[in-house]
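First the structure, in the form of structure tokens, and then the observations on it.
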Amino acid sequence: MDILSCAKAFVLIAFLTRNVHSDDYFRMGVNSNAAEAMQFLREYDREASGMCYRVTISQWRFVTNITEYNRRRMLEELAISSKFERLSWRKAAAFDYSRLPDAQSRRQLLKIIQSSRAALPDDKFTEIQQLITEMKEIYNSAKICPYGQKPYDPHVPRPEPNQYPNTYQNQYQLNQPFQHYQQQENVEYSNYCDMQLDPEISRILAHSRIESELLYVWKSFREQTGPKLKSRFVKYVQLANEAAVATGYRDAGEQMRAPYEDSSFRASVEEIYNQVVPLYKQLFTYVRRRLLQRYGETTVRSDGPIPAHLLGNMWAQNWKSIMDLVMPFPQAPNVDVTAEMLRQGFTPLRMFQMAEEFYTSLGLRPAPPEFWRNSMLARPSERSAQCTASAWDFCNRIDYRIKQCTEVTMQDLISTHHEMAHIQYYLQYAEQPQLFRDGANPAFHEAVANAASLSVYNLPHLQRIGLYHNKSHDPYEVSMNFMMSMALEKVAYLPFAFMVDQWRWSIFEDGVQGMNNRWWQMKLRFQGVIPPMPRNEEDFDPGSKYHVVSDQEYIKYFLATILEFQIFEQLCLVSGHKGHLHECDFYRSRDAGRVLSEIMQSGSSKPASDIIRTMTKGKTNRISPESLVRYFRPLELWLRVQNRDEQLIGWSSNYHDVALFAPQRGSGCVAHLSLWLTAALVLLY
Ligand code: X8Z
Ligand code: ZN
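If you read the sequence shown in our numbering, its first letter stands for residue 676, the second for the next number, and so on.
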């Protein structure tokens, strides 16, 4: 994760989209004095960097040491920074930016004006921020009881977690290989209702293969989130739209899309999505057959959508955890070098030093001494900390840190390289003004970090660094297993990453009626998944996704997944790689390092289209899925052969699928007809 791009979800640059509107589209002041504008931007740069440092350090202190005191300090700093945002917005909005001669100053002013909800009156500005804070807190405090247990008895004193080490619940808490439920004869159960999404519930969805247990956690987590969030979300939609309109946008969706600087952004994204659908459908069809074999035809229909609780993840967004059910060649290994890392005595520090060496081998910058002094690279034993991996820029050109509870596993080795790529990005754009210290568009940070990880997580690289030695297995089988696990992570993810903001934009545009029904219509149309039990408008299933209720745009993850392969292919090309793309490793290539540095150095001072044009040596200025499709080509060919006898590549939905979530209007024939029609429409789209 890149903490900046996650937090700066609303850095809005609408400069290029303006040609579709009249010139006075935005609220704009009358001051056209260029010297005053430059003076304001200089002061803003200094003050905003200072403010950013104060907020970031207070956030760092809280997440690495969770105490009530640190939480209060952080909220105080956030309140001060909100005031600064409103004040700066007013000053910036007083200028007539269109009459400023310097393009970079115009771009900076637009970023201040259009990135904010400060156009709202004071009370509403405070209200929307308060609503988002509350929604995050409700989401983060969601807890469920263990499966099949009596409710927690508050009179029984709760033991320390490590005092009931052999309980079922504790197996999910500890970072241990999970033992399947069926294999556990003598496990005792804890009845404490304190299972959280991360790690306990996620681990159950990833590892349990008991359908009723999967259904239980799927349903219970939604009960503990959606209904508590729905009314706040409705109010949030209204205020976000009001802020957007007051800034000059049609609605909050348009405001969220503005940083992409593409006047036909929705069509561009849809075009990309359409190009990956055939690959997704091949993967989907193959996975469905394996799930049918595992769970039977009463649970999975041979040509139907897949029930959403069977795919190893709360939102059916990443299917990596069901690799054991879908492995192409079970007799060949699933590439995992964890055992070899442990044998060689790897430590978290050594993993970070390796990641640093990966980037310096490309001619990029080493991490500064402050990084090594201040980062949190392992789980602290003496205090409570949030463990999600993240990379931090403290906005002072000195202090950069990573927070990661690193364990010696291959997964964490990849994550280490990913987080270090974010640090490298920060170092590369450090000389830009504060407003441009960001990715070229919101997808770039994640895309660059993942492109680097693609060069680390592949067989030639793992061989090169002495962690993988394949002696006895068929290389084709090993490579197909590898590519399947990548596809379960990347290809399976694409329709989900696409649909979240399709839904959100439709809510901002058309209103909040039938929100849950619309969510499931899109889940069915794009992902081919259905709820495993009936849903209605009392439920609010989008509320089970953090990014929806915490006001973070999501389309950046779709674009980042596409762009990472495009960047990866360019780096492979310049490094002289020949052969399959999934076997490329650009480690030690100074030429790849130069291209990476070019992508990162300009930050967001130029439109993404300029960066892509330079990166592809003029071939295109658009994000394109061709590299992703090329990467997975060998797997796609294999999938086509596996699916040759299938009646349907993809899914068809019927009356019963749609009846799970669509409101039933009228009665008898009318209700039936309406559901059939909805099923047909979902299919036709
Ligand atoms: O939210 C994240 C990161 C922070 S930027 C943890 N991700 C998306 C998600 O969890 O839905 C990373 C993958 C996609
Ligand atoms: Zn990241």
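Idealized CB from N, CA, C, for every residue including glycine.
- Taking 3 residues as the minimum length, the segment 763-811 contains no beta strand (DSSP E) run wholly inside it.
- When Cβ pairs closer than 8 Å are counted between the two stretches, the segment 914-930 is seen to touch the segment 1182-1193, the count reaching three or more.
- The closest CA to that of R774, considering only Y822, K766, L795, A712, is found on A712.
- Straight through space, the alpha carbons of Q1202 and Y1034 are spaced by roughly 36 Å.
- Bounds of the alpha helix (DSSP H) holding K1165 are 1150-1165.
- In this structure, DSSP gives S1065 an extended state, which the three-state scheme calls strand.
- Residue burial annotation: C1344 is exposed, with fewer than 16 other C-beta atoms found within 10 angstroms of its C-beta.
- Going by DSSP, Y1075 is part of the beta strand (DSSP E) stretching over 1075-1078.
- Comparing alpha-carbon positions, the option among S757, G1325, V730, N988 lying closest to R976 turns out to be G1325.
- Only residues of its own chain outside the window of five on either side were considered, and among them G979, P980, L1199, I1205, A1354 have a CB closer than 8 Å to the CB of D1332, listed in chain order.
- The beta-bridge partner set that DSSP reports for V1204 consists of I981.
- Minimum Cα-Cα distance from E1239 among the listed residues M931, V1123, L1169 corresponds to V1123.
- Inclusion of T1063 in the 8 Å shell around the ligand X8Z follows from its C-beta lying nearer than that to a non-hydrogen atom of the ligand.
- For I1242, the three-state secondary structure derived from DSSP is helix.
- Secondary structure at N706: strand, using DSSP grouped into helix, strand and coil.
- If you ignore the 5 residues before and after H1347, its C-beta comes within less than 8 Å of the C-beta of Y1330, all in its own chain and listed in chain order.
- Counting the other Cβ atoms within 10 Å of the Cβ of N1191 gives 16 or more, which makes it buried.
- Residue burial is scored here from C-beta neighbours: Y935 has at least 16 other C-beta atoms within 10 angstroms and is therefore classed as buried.
- Residue nearest to T1091 within the set T1081, Q1099, Y1100 is T1081 (criterion: CA-CA distance).
- With respect to the 9 Å criterion, L880 and G987 are classified as neighbours on the basis of their beta carbons.
- Within the same chain, R1193, W1194, M1197, P1217 come within 7 Å of W1178 by CB-CB distance, once the 5 residues on both sides are set aside.
- With a cutoff of 9 Å on beta-carbon distance, R907 and I813 are scored as near each other.
- Looking at Q1322, P1135, A709, L1134, the one whose alpha-carbon comes closest to that of A769 is A709.
- Using a Cβ-Cβ distance cut-off of 8 Å, the segment 1068-1076 and the segment 1101-1111 are in contact, since at least three pairs of beta carbons, one from each stretch, lie closer than that value.
- The bridge partners DSSP lists for M1029 come to none.
- With a cut-off of 8 Å on Cβ pairs, the segment 892-912 is in contact with the segment 1218-1227, counting three or more such pairs.
- Here N1156 really is in contact with A1007; their C-beta atoms are around 6 Å apart, less than 8 Å.
- A distance below 8 Å between beta-carbons, with the five flanking residues on each side excluded, links E760 to the following residues of its chain, in chain order: S791, A793.
- Under the DSSP definition of a beta bridge, M1051 partners with K1078.
- Only residues of its own chain outside the window of five on either side were considered, and among them C1259 have a CB closer than 6 Å to the CB of H1252, listed in chain order.
- DSSP places M1002 in the coil class of the three-state scheme, outside both helix and strand.
- Collapsing the DSSP output to three states places I997 in a helix.
- Distances between the C-beta of E1121 and the heavy atoms of the ligand X8Z include at least one below 8 Å.
- DSSP, read as helix, strand or coil, puts I1140 in coil.
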